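In this note's numbering, the protein residues as written are 382 to 694. Just so it is clear, CB atoms sit at the ideal spot from N, CA and C, and this is done for glycine as well. As the structure is a computational prediction, the values presented were derived from the model and not from experiment. Structure record follows, encoded as structure tokens.
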């Protein structure tokens, strides 16, 4: 019974954390110029509401943290974000709480536009819509949010840093081949069951990260958010590296070795046979914001451990 509860807890935590990514990938690409302002601002906004954790991270990263007046219940990074008034969740915003904070600007993701965005317009609030579906969208969002918040210089500095680190990754993994990488984002943990495993699809955030890190996505099927594959399907994909994302593992009460053990019990899977299964437990692993670069660096080290990685990096 205790193990069953731990399994359920793990799935609940993972579902809450990846829900924004699932919805984001289901919506598909936005129109060109993916960051849009519904109503132009006349001056720098003093009170900004963030409706997603990744948006909150961008706001703080461009130096607009003191302008953030409200966040969702899931906005916990940087730590200062957790001290801001909460305005509900990503999928269930509290419009009463938002109005009480008298925001100058509300920033939402594109997949929120048809639901909460519509209500914000009816409430005559200024809204900025950004797209964090992939790396290019995140980079564009940094520029757009920086401009909207009156933090263009800080945004430009952040972009320069991100681009430099991306270039460093590319330089270290080039000419080293592109191993087939499987990114796993959910599965049934009971009895180490791998019969129904959810993996990253062939486009979007995780596909971009794998490509940047010097790998190739082992899944090349239909473009859907999270394909479900069986144990037999895993063999057909024949990954050389497996990266399993289990954010905030400590909340589940399950040891990471249990996750890794299931792979070793699947005979004939190259990545498992050669010890190339990596479990990522950091929160930023499911948050497509400016810390994507940390995940890209983690992936690059896992995919190409023999590359020229400085000691301690």
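Per DSSP, the bridge partner or partners of residue i
i           : result
residue 625 : 565 and 660
residue 474 : 469
residue 578 : 568 and 610
residue 451 : 430
residue 598 : 562
Top-ranked residue by Cα proximity to residue i, from the options
i           : options               : result
residue 566 : 555, 559, 557 and 586 : 586
residue 592 : 555, 618, 667 and 617 : 555
residue 683 : 668, 661, 667 and 670 : 661
residue 336 : 441, 483 and 616      : What the structure shows of the chain is the stretch from 382 to 694, and residue 336 is not part of that stretch, so it cannot be assessed.
residue 615 : 533, 626, 649 and 588 : 649
residue 669 : 427, 577 and 439      : 439
residue 557 : 681, 598, 429 and 619 : 681
residue 618 : 651, 515, 435 and 640 : 651
residue 671 : 655, 515 and 504      : 515
residue 542 : 687, 686 and 673      : 673
residue 482 : 506, 659, 494 and 584 : 506
residue 503 : 595, 480 and 525      : 480
residue 640 : 568, 598 and 588      : 568
residue 484 : 497, 501 and 655      : 501
Proximal residues to residue i (C-beta, below 7 Å), its chain only, five neighbours per side dropped
i           : result
residue 580 : 563, 564, 565, 566, 600, 607, 608 and 610
residue 446 : 440 and 461
residue 612 : 575, 576 and 647
residue 550 : 593, 594, 677, 678 and 681
Proximal residues to residue i (C-beta, below 8 Å), its chain only, five neighbours per side dropped
i           : result
residue 653 : 623, 644, 645 and 647
residue 689 : 553
residue 692 : none
Beta carbon of residue i nearer than 9 Å to that of residue j
i           : j           : result
residue 590 : residue 676 : yes
residue 467 : residue 530 : no
residue 471 : residue 453 : yes
residue 511 : residue 522 : yes
residue 478 : residue 451 : yes
residue 686 : residue 664 : no
residue 702 : residue 430 : This structure does not reach residue 702, given that the chain is present from 382 up to 694, and the question cannot be answered.
residue 488 : residue 432 : yes
Run of the alpha helix (DSSP H) containing residue i, from where it starts to where it stops
i           : result
residue 486 : Taken as a continuous stretch (DSSP letters only), residue 486 belongs to no alpha helix (DSSP H), being part of the beta strand (DSSP E) at 486-490.
residue 647 : Here residue 647 belongs to no alpha helix (DSSP H), and DSSP marks it neither H nor E.
residue 543 : 533-554
residue 482 : It is not in any alpha helix (DSSP H) - residue 482 carries neither H nor E in the DSSP assignment.
residue 687 : Per DSSP, residue 687 belongs to no alpha helix (DSSP H) and is neither H nor E.
residue 528 : 516-529
residue 461 : Looking at the DSSP string, residue 461 is not in any alpha helix (DSSP H), and its letter there is neither H nor E.
residue 667 : Element bounds for residue 667: n/a, residue is neither H nor E.
residue 505 : Where residue 505 is concerned, there is no enclosing alpha helix (DSSP H), given that its DSSP letter is neither H nor E.
residue 592 : 586-593
Contacts around residue i, its chain only, beta-carbon distance under 6 Å, and the 5 residues preceding and following it disregarded
i           : result
residue 678 : none
residue 456 : 434, 437 and 462
residue 527 : 443, 533 and 536
residue 596 : 559, 560, 562 and 684
residue 657 : 622
Residue range of the unbroken beta strand (DSSP E) whose run includes residue i
i           : result
residue 508 : 508-511
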